[in-house]
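All remarks here apply to the structure that follows.
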Amino acid sequence: MEKELQIKTLEGLVLKGDSEISILDSALRSQVNFEYSCKNGQCGACKTTLLEGDVLELQIQTALSDTDVEDKKILTCCCAPISDIVIDAEDLTALKHIEIKTLPARINKIEKKTGKIVEIDLRLPPTANLAFLEGQYFDVIGPQGVRRSYSIASSTSNKVLKFWIKEVEGGLLSQYWFNDAKENDLLRIEGPKGSFFFKEPKKYIIFLATGTGIAPIKAILDKLSESPDVVSSTNLMLYWGNREPNEFFWEPDYPELNLQYIPVLSKTHDAWVGRTGYIQGNVINDNLDLGDTQVYACGSLSMIESAKLLLVNNGLNEKYFYSDAFVSS
Ligand code: FES
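Numbering-wise (our numbering), the sequence shown opens with residue 741 and increments by one.
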């Protein structure tokens, strides 16, 4: 039988917890939004400190280092309380009015952007009344109930939800997107989810993306371009990394923003005259002042882990590194 327990935060929140449900899920059920992304222990976004009490690991906390464990860090998506606990997680106020919904959605448009990337526009029922923050993601539920998470590549002012989906070899939903999907197909979506969204800006903002990790960054930039005053005294830098020149299927075009765009190819290529290497290495080579900087990073887990370590070692305050790692389902 589930045992009812208390989850308390340093801010004074008190939530109902139980020993069979992760702290994160207990919070979400109570309409409290802690930081999270993957919900399966890999990305580390939900890392917090266990200040009092004990927890049980429901799934492996892959993203914790030995030092994290020594420092009493836990992943709220992986642990359930087995006593009353106190943690230092914050309720993200910006997400308070955001309600997670399950809704029907029809494919409005399908367009191949490259041989391996497809753009899908989904339209919702006129009564859907869906709110989300640019940067968040949705679970798309396709044929046979197969569910995958995709970041939204459009802003709330867009009439459709746009997704950029990369083909995954042997992937069940990939098969559908690349071979079978057609306009007007009926799917379901669940969301919005995740805590990757634009925060109060600092003097400098660095956006880092690899591959289709550019999608939530594009959504954030679209939103900023609709109200550029928000970042009128902020320098924006966008580093987008890909493996092949033809993977740069989108070009940022935001004349109203103070944005510098730096495409980076991972290796030298005959058809490429631009930057090469790791995007995080390019940031360091650019000698940016990281002291008054925010970073929004989205893409592969390896890029995010490496970028965070490198940038924090070079003066970035760890709490201003916001990330959304693409991890396997
Ligand atoms: S590790 Fe918990 S949300 Fe990713």
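Positions of the beta carbon are idealized from the N, C-alpha and C atoms, including for glycine.
For Lys-933, the distance from the CB to the nearest heavy atom of the ligand FES is not below 7 Å.
In this structure Gly-885 is exposed. Its beta-carbon is surrounded by fewer than 16 other beta-carbon atoms within 10 angstroms.
With 6 Å as the limit between CB and the heavy atoms of the ligand FES, the residues that fall short of it are Tyr-776, Ser-777, Cys-778, Lys-779, Gly-781, Gln-782, Cys-783, Gly-784, Ala-785, Cys-786, Ala-803, Leu-815 and Cys-817.
In the structure shown, the three-state DSSP call for Asn-986 is helix.
Inter-residue distance for Thr-789 and Lys-849 is about 44 Å (C-alpha atoms, whole angstroms). Collapsing the DSSP output to three states places Tyr-916 in a helix. Note that the stretch 852-872 touches the stretch 882-900; at least 3 beta-carbon pairs, one per stretch, sit closer than 8 Å.
Between Gly-875 and Asn-1057, the alpha-carbon positions lie close to 21 Å from each other.
A contact is defined here as three or more CB-CB pairs under 8 Å, and the stretch 922-932 fails this definition with respect to the stretch 1017-1034. Its chain contains Lys-748, Leu-791 and Glu-792 as the residues whose beta carbon lies nearer than 6 Å to that of Val-826, once the 5 sequence neighbours on both sides are disregarded; these appear in chain order.
In the structure shown, Lys-779 adopts coil according to DSSP, grouped into three states. When the beta-carbon positions are compared, Ile-1024 and Asn-975 stay at least 8 Å from each other. If you look at Gly-1039, you'll find it in the beta strand (DSSP E) that goes 1033-1040.
Between the alpha carbons of Leu-835 and Asn-773 lies a gap of roughly 7 Å.
Contact between Thr-950 and Gly-1039 holds, since their C-beta atoms are separated by about 3 Å, short of 8 Å. When the beta-carbon positions are compared, Ile-905 and Thr-952 come within less than 8 Å of each other. For the 8 Å CB-CB criterion, Lys-787 and Leu-815 form a contact. Apart from sequence neighbours up to five positions away, the residues of its chain that approach Asp-962 with a beta-carbon distance below 6 Å are Ser-895, ordered along the chain. Annotated three-state conformation of Ser-897 is coil, per DSSP.
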